[in-house]
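Counted the way the UniProt record's numbering counts, the sequence shown spans residues 1 to 70.
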Amino acid sequence: MKAKETSARVFQFVRQYRKISQKQLAIKLNVNQSTISKIEKGLHFPSAMVLKRLEQYTNKSMSDLMTLSR
């Protein structure tokens, strides 16, 4: 699976698991809602900083998140 597809799946999983909107996740990660939308559509790959913030927000490593979102 490609990196963009994997990140899309992870971001969608986190939102569904936490029951939050794209806008709410964007606020938590300090990005625009359109950035979350593009990531989830596989149009944009998140920066290292955004991935780090996602790890901090979920208290899980990216490896764990990728496994959980399968």
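Backbone N, C-alpha and C define an ideal beta-carbon position, used for all residues, glycine too.
To the nearest angstrom, report how far apart residue i and residue j are at their CA atoms.
{"i": "residue 19", "j": "residue 68", "result": "16 Å"}
{"i": "residue 32", "j": "residue 9", "result": "18 Å"}
{"i": "residue 47", "j": "residue 54", "result": "11 Å"}
{"i": "residue 21", "j": "residue 36", "result": "10 Å"}
{"i": "residue 70", "j": "residue 49", "result": "23 Å"}
Would you decide whether residue i is buried or exposed? Buried here means 16 or more other CB atoms lie within 10 Å of its CB.
{"i": "residue 43", "result": "exposed"}
{"i": "residue 3", "result": "exposed"}
{"i": "residue 63", "result": "exposed"}
So, at 7 Å on beta carbons, what are the nonlocal neighbours of residue i in its own chain, with the 5 sequence-adjacent residues on each side left out?
{"i": "residue 124", "result": "This structure cannot speak to residue 124, because the chain is shown only from 1 to 70."}
Is residue i near the ligand FMN, judged by its Cβ being under 7 Å from some heavy atom?
{"i": "residue 55", "result": "Within the structure as shown, the ligand FMN is missing, as the structure has no ligands at all."}
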